[in-house]
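Working notes, beginning with the structure itself.
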Amino acid sequence: MTRRLSRRQFVGRSLVVGGGTIALARLLAACAGGNESTAELVIGTPDAPVTLPTIGEPIADNLPSESGTLQIYNYADYLNPETIAAFEAAFDVKVTVSVYDTEEVALSKMRSGSISPDLVVGLTDSVLARFVAADLLQPLNRSYIGNFDNVIAGLRDPYYDLGAQYTIPYVIYGNGIGYRTDRDIDTSVFVGNEGWSALWNPAYEGRLAVLDSYRDTISMALFRAGVFDPNTSDASALSAAADDLVELATLTNPKIDILSYQEIAGGGRDIALCWSGDMLAGVGYLAEGESPDVLGFWYPEVTPTGNDFFSIPRTSTKPVLAHAFIDYLIDVDNALNNQSYVGYQPALEALTAEALINAGAIPDSLVGALVTPERYASGKRFVSLSPDVDALWLDAWTRFTTG
Amino acid sequence: MNGSQRRTHASRTWRGYALPGTAWLAAFFAVPFYSVAAIAFGSIDPIFRNARPAWNPLSWNFGTFGDVLGDVINGPLRDVFVRTVLFVVVALVLCLVIGYPIAYHLARLRGRTKTLILLLIVLPFWVSYLMRMLAWVNLLQRDGLGMRLTAWFGVEHNWLDGSPTTVILGLVYGYVPFLILPLYATLERLDWRLVDAARDLGASPRQAFWRVTLPLSRTGVAAGLMLVALPMLGDYYTNDILSRSPRTEMIGNQIDFFLNAGTQPQRGAVLVLMLSFVLACLAWWYVRDNARQRVAR
Amino acid sequence: MTAYRSRALSGFTWLYVVWSLLPVLIAVLFSFNAGRSRSVWQGFSLRWWTGDPNASLFRDESLRMTTVNSLVLAIVTVVVTLPLGTLLAIGLQRWRGHGAGSSSALVSAPLVTPELVLGAALLLVFTNLYGAIPLGRPAQMIGHITLNLSAVVVTVRARLFTIGSSYEEAARDLGASRREAIRLVLVPLLRPAIVAAGVIVFATSIDDFIVSSFLSSGAASETVPVRIYGAVRGASSPALNALATLLVVFSFLGLLLGGVSMWWLRRRDGERVTLRQFLDEVTQADA
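For the record, the sequence lines run as chains A, B and C. The first sequence begins at 374 in the numbering used here and counts up by one. The second sequence begins at 385 in the numbering used here and counts up by one. The third sequence begins at 16 in the numbering used here and counts up by one.
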């Protein structure tokens, strides 16, 4: 049922609706009050380690462990359901896992309060400074974490968090290229720094992927061009990297996601930029009867390397239990059990590459995916970027993803 | 009460009936739209990069809007906009080519067959869009039946490798039921005696169709196309499910990225405004065209 | 009058029906596959539904919560939008004063807004203005209601138009107050439209995922479509097919419930109702 509107009526009605809306919105905004934030970012780098400001008090010693449900905020498929079940049985509690796709999302959701987990797994120092500045984490009480000395010596006092006030390392990894050995992938290029170019090979069109993580993928282009700084603020280098990535998109039409750990093993793609743990995890996604020899990983000479960590939110309702969970996961046997599903290398002193191979946890074909102490030492770390530099990186990413 | 008092009283009653619903829409539709503008033209917290909306229109800042507009006119976003429009236009044409004959057939049928076919046509409407896309992904995957079928014909084609064809076909498959129903409704209401009259006057069936049926159904077709074009322009999940490659990135994907990947809500808000503007133009053009049609008749 | 018969169009229509429904049927079928494949039939099995202790649908505890979320959202949405929308439709049709046109415009706007825009706007407003309303179920409820309100108004309004005001006037002449006339005469006449609107709202809400995912707060407020969407891009097992089948079953249950209600109501009022009429009601309501 439409009536013909005169122009005057239309303008009149628009003004009424528009004006009314604006007035209502401003009224509501005034009632809501503002949200100010005056925060300082304390960013540590390998050359300039920092002690993060101690905001708030850690929980008291000798508190009893809580009961109920522990809410963990984590990446997908990043904790072994069996290990979780064992923890549930040992402590007579329930555990639920909420999933985030990227750290940025985790940050914004926790800031806005739309999610209040008891424990967060998988954050890296790229976001740590902002989490601390936003008052989201609580200082840890080491007395609950008896297994702390299991952690790799070099990470007990990390540059991004001297004194390990807020974080306990979870896994270590490096960036590289995962591929299938039973498809026609030319492995002769996987030497030195040349291997990155494999992703630009038009023969792999439609069977290739890069990571849905702007820092990792843009760094790959930077490293290929010889710029071995994954935190660069050089606008021209970033622009060149963006150009290279657009070229990659045209040549090989890559998928952009973080599913390579499933897809390469599942046969959906043949080669991808991925994290070293992805290939190790992929063993669990092979078709029935397929040998792990079909999976391969190229670990470049110079590549971004890193670790992520556990941290406990300030608003955690089960802090003692959260500490207990961390302690549980850095026990060597539990960590090994966890690794068998997650794939990534736990950041534990005892679980060196050799130890993992000896324990039968790593198939021979994927020994190259392990992070040895030498590789870790020569790897480059991602650190938090200042907002303007971050904007440059995001612009480059937009240029790539829009095709 | 006298007459005018009664009318005022009546008016107040009806207004009272309409008020709760209107208030709801004002609070949860109009204000959210305004807040998109307030965020798009507001500022950004430098550290956490969350939005700081500017509620007073007089204090609006058009910097980011200008940047994004620049990107749209002459930057990476231009390709995305153009591609989205292209995909939608092609998909709409295909939907029309498939949907119109079916709607026509259905409108002309009588009897029990009509009920049966109507039921079968309406059925996909009640199947979730996701289920229908999932069904296609199943068929198109490497080990899927679709691949086996094309392999049998000797064609080695990976459907899910991120080609625009797959996405467009996905859009068509998903939205064609939404076009058939309004078309059917229009054609059902058509006065078929006019077609009979044309035949009596000597027109062949084809002439009768092109010169009588089609023009008569024109407003209905336009309405149906509008009804489908609007959601299709904001579609991002079809691409997400069937492709995920930069070659098929649509404007909805960019909005989803900016808002849900948490990094740049202000840019997301600006893009939402731009998309809404394009849609409003489309709707405006349609309404004007419709009004003009009515006057002409 | 020339009888209509067109074999070409008939064939084309059947081809369309097959193309439209067959993939879905295949997907449902393969949810009962004994093996992991989705293209090679390896035997019938309920493994993905209840059998497999790790991967099957009904053994998955988080799925219970997800399904409950979907159902709660759908039911609450129906319960709120039907009265709100009906009142709005009645009021709008008769309101002749200032602001009626603006209100009508406000009601029409959501119909031409893509869900992405609505979801984005709601997300932004809940995180920047309506801080008191947390993301998750409360926000999702509001989003679903807003999404569906206009559809109810349109459906009821169409019926109002055909009913006209003569019945009410007759009731008024016989001494009923305006409110009584509405309650005892108009609303019963509107019942078919209200039921049809309810069916549409239920199905829309159950199948919705854009607004649900934009306004979700994590695993606790996940709905079935959101979960499917998250899983469909990865390596999925036939359990996902089973989940999607569940979704379809819910919408059909809603449709069935609506059909039965309509039949029962009409029967109680002494009318006969055919499947055809029900289909017409539902399709006209959307067109």
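No residue lacks a Cβ here, since even glycine has one placed at the ideal position from N, Cα and C. Note that the structure is predicted; figures quoted are calculated from it, not measured.
Taking the alpha-carbon positions, what's the residue i to residue j distance?
i        : j        : result
Phe413/B : Ser601/B : 33 angstroms
Gly604/B : Leu503/B : 21 angstroms
Gly640/A : Thr260/C : 26 angstroms
His489/B : Val671/B : 28 angstroms
Val83/C  : Asn623/B : 29 angstroms
Ser738/A : Leu729/A : 14 angstroms
Arg281/C : Gly274/C : 11 angstroms
Leu565/B : Trp278/C : 23 angstroms
Leu663/B : Trp56/C  : 46 angstroms
Ala302/C : Ala569/B : Low local confidence applies: a pLDDT of 43 at Ala302/C is under 50, so the model's placement there is unreliable, with the coordinate-based value given in what follows. C-alpha separation (whole angstroms): 6 angstroms.
Met16/C  : Gly558/B : For Met16/C, the predicted structure reports a pLDDT of 45, less than 50, and the residue's modelled location is therefore unreliable. A value from the coordinates is still provided. Roughly 37 angstroms between the two C-alpha positions.
Arg399/B : Trp110/C : 6 angstroms
Tyr451/A : Val452/B : 36 angstroms
Val384/A : Pro416/B : 22 angstroms
Gly429/A : Asp585/A : 35 angstroms
Leu470/B : Leu617/B : 10 angstroms
Gly565/A : Phe698/A : 40 angstroms
Pro508/B : Gly269/C : 14 angstroms
Leu653/A : Glu567/A : 23 angstroms
Which first and last residues belong to the beta strand (DSSP E) in which residue i is found?
i        : result
Ser778/A : Outside the displayed range of chain A (374 to 776) lies residue 778/A, so it cannot be described from this structure.
Leu492/A : 492 to 496
Leu523/B : Here Leu523/B belongs to no beta strand (DSSP E); instead the alpha helix (DSSP H) covers 513 to 524.
Gln538/A : Per DSSP, Gln538/A belongs to no beta strand (DSSP E) and is neither H nor E.
Asn644/B : Not the beta strand (DSSP E): Asn644/B falls in the alpha helix (DSSP H), residues 635 to 644.
Ile423/B : Per DSSP, Ile423/B belongs to no beta strand (DSSP E); it is in the alpha helix (DSSP H), 415 to 424.
Ile629/A : 628 to 630
Which first and last residues belong to the alpha helix (DSSP H) in which residue i is found?
i        : result
Asn623/B : 621 to 626
Leu584/A : Element bounds for Leu584/A: not the alpha helix (DSSP H) but the beta strand (DSSP E), 581 to 584.
Pro518/A : Checking the sequence shown, residue 518/A turns out to be Ile, not Pro. Segment: none, Ile518/A is in no alpha helix (DSSP H) and carries neither H nor E.
Lys697/B : One cannot answer for residue 697/B here, as it falls past the ends of chain B, which runs 385 to 681.
Asp75/C  : From DSSP, Asp75/C is part of no alpha helix (DSSP H); its letter is neither H nor E.
Ala421/A : No alpha helix (DSSP H) holds Ala421/A; DSSP gives it neither H nor E.
Pro566/B : 548 to 572
Val693/A : 692 to 702
Gln635/A : 633 to 639
Trp510/B : Neither: Trp510/B is in no alpha helix (DSSP H) and is coded neither H nor E.
Thr219/C : 202 to 222
Identify every residue that forms a DSSP beta bridge with residue i.
i        : result
Gly679/A : Tyr546/A
Gly551/A : Ala645/A, Phe670/A
Asn447/A : Val472/A
Arg436/B : Ser427/B
Phe59/C  : Asn48/C
Does residue i have its Cβ less than 8 angstroms from a Cβ in chain A?
i        : result
Thr177/C : no
Gln638/B : yes
Ser691/B : Nothing can be reported for residue 691/B: it is not among the residues displayed for chain B, which extend from 385 to 681.
Thr161/C : no
Leu409/B : no
Ala535/B : no
Gly233/C : yes
Asp464/B : The identity of residue 464/B in the sequence shown is Val, whereas the question assumes Asp. Yes, contact with chain A.
How about residue i: is its C-beta nearer than 8 angstroms to some C-beta of chain C?
i        : result
Phe413/B : yes
Arg399/B : yes
Ser629/B : no
Thr406/B : yes
What does residue i touch in chain F if you count any residue whose Cβ is under 8 angstroms from its own?
i        : result
Val389/A : Of the protein chains in the structure, A, B and C, none is chain F.
Distance cutoff 8 angstroms, beta carbons only. Does residue i sit that close to anything in chain B?
i        : result
Thr394/A : yes
Leu272/C : no
Pro490/A : no
Flag residue i as yes when its Cβ comes closer than 7 angstroms to any non-hydrogen atom of the ligand ADP, and as no otherwise.
i        : result
Gly274/C : As far as ligands go, the structure on display features none, and thus does not contain the ligand ADP.
Problem - Segment contact, 8 angstroms Cβ cut-off, at least three pairs: the stretch 726 to 744 of chain A with the stretch 581 to 595 of chain A - result: The stretch 726 to 744 of chain A makes no contact with the stretch 581 to 595 of chain A: fewer than 3 CB pairs, one atom from each, lie closer than 8 angstroms.
Practice task
Count the CB pairs spanning the stretch 492 to 508 of chain A and the stretch 466 to 480 of chain A that are closer than 8 angstroms, and state whether there are at least three.
Solution key: yes
Exercise for the section: Could you tell me whether the stretch 637 to 649 of chain B touches the stretch 636 to 650 of chain A, using the rule of 3 or more Cβ pairs below 8 angstroms? Expected result: no
Exercise for the section: Check whether the stretch 631 to 641 of chain B touches the stretch 35 to 42 of chain C, counting contact only when three or more Cβ pairs, one atom from each stretch, lie closer than 8 angstroms. Expected result: Contact between the stretch 631 to 641 of chain B and the stretch 35 to 42 of chain C is absent: fewer than three C-beta pairs spanning the two stretches fall below 8 angstroms.
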